[in-house]
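A.B. asks: Using the working numbering, you'd call the opening residue of the sequence shown number 688 and step up by one each time.
For glycine and all other residues, C-beta sits at the position ideal for the given N, C-alpha and C.
All of these numbers come straight from a predicted model, not from anything done at the bench.
Structure in structure tokens, see below.
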Amino acid sequence: MIKNIVFDMGNVLVRFDPELFMNRYSLTGEDRKLIRNEVFRSVEWTMLDRGVIDEEIAEQRILPRLPEYLHDAARGLIEKWDDPIVPVEGMLELLQALKAKGYRLYLLSNAATRQPIYWARAEASKLMDGALISAEVKLLKPDPQIYRTFLHKFDLRPEECIFIDDTPINVEGALYENMAGIVFNMDVPALAESLRALGVE
């Protein structure tokens, strides 16, 4: 029997869209491509999510790879990439409905140490019974240990959990740990159908 529904954050509860974030700096053409690759697709970004470096170290490593006129934009995106916060359409209403039916809701997200500050600003955070951010435990999905750590932290049985993520390999990781899983494709009505198929009323 399903009692707990576990959500990823980016592109599940809220949009994680580097293109949207970069619009703040009016980046175009090659500059936009360079920032995309050297910030959002960098090794340092993954290291931030793993919690092994902080934003200051990330900047020290990334900025020398960029022309000086892009430093302010890169610094701003590293330190405050979370602006604006845009909820996934229809997701808040689904969370409210699940909560009203007695399901416990959780967050399990690959994210940097600043994420709890960002997360607290999202409306969805008010409906959650608990959250685990990857940087806090220095693990990343789909490492099996992060799912085990999550289950242990909140004293949950995997067979009573459904995990929802936009990245298939992360869902596979949850399945490996005996949780049910759903790959989310920005379609909330389809997600509701998938939940019903797994026994969520």
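(1) P829: which of P855, E880 and P876 sits nearest, CA to CA?
(2) Along the alpha helix (DSSP H) that carries F727, what are the first and last residues, could you check?
(3) Just to check my reading of the structure: L781 and L878 have Cβ atoms closer than 8 Å, yes? What is that Cβ distance to the nearest angstrom?
(4) From F850 to R719, what does the alpha carbon distance come to, in whole angstroms?
(5) Taking the CB atoms as reference points, tell me whether S821 and D736 lie closer together than 8 Å.
(6) Applying the 10 Å Cβ sphere with the 16-neighbour rule, what's the burial state of L714?
(7) Give, in chain order, every unbroken run of the beta strand (DSSP E) that is at least 3 residues long and sits entirely within the stretch 855–879.
(8) Am I right that L764 and L721 are in contact with their C-beta atoms under 8 Å? What's the rounded C-beta distance?
(9) What separation, rounded to the nearest whole angstrom, lies between the Cα atoms of M709 and M688?
(10) Any heavy atom of the ligand ADP inside 7 Å of the beta-carbon of A822?
(11) Can you tell me where the alpha helix (DSSP H) with R835 in it begins and where it stops?
(12) Just to confirm the assignment: which complete beta strand (DSSP E) runs, minimum length 3, are found wholly within the stretch 771–807?
(13) Pop quiz: L885 and F837 are said to be a contact at Cβ under 8 Å. What is the actual Cβ separation, rounded to whole angstroms?
C.D. replies: Quick look at the numbers:
(1) P855
(2) That residue, F727, is in no alpha helix (DSSP H); it is neither H nor E in DSSP.
(3) 7 Å
(4) 33 Å
(5) yes
(6) buried
(7) Counting whole runs of 3 or more residues, the stretch 855–879 contains the beta strand (DSSP E) stretches 867–870.
(8) Contact between L764 and L721 is absent: CB atoms are separated by about 12 Å, not below the 8 Å threshold.
(9) 43 Å
(10) The model depicted lacks the ligand ADP and carries no ligand whatsoever.
(11) P831 to F841
(12) 791–796
(13) With 8 Å as the limit, L885 and F837 do not qualify as a contact, their Cβ atoms being about 19 Å apart.
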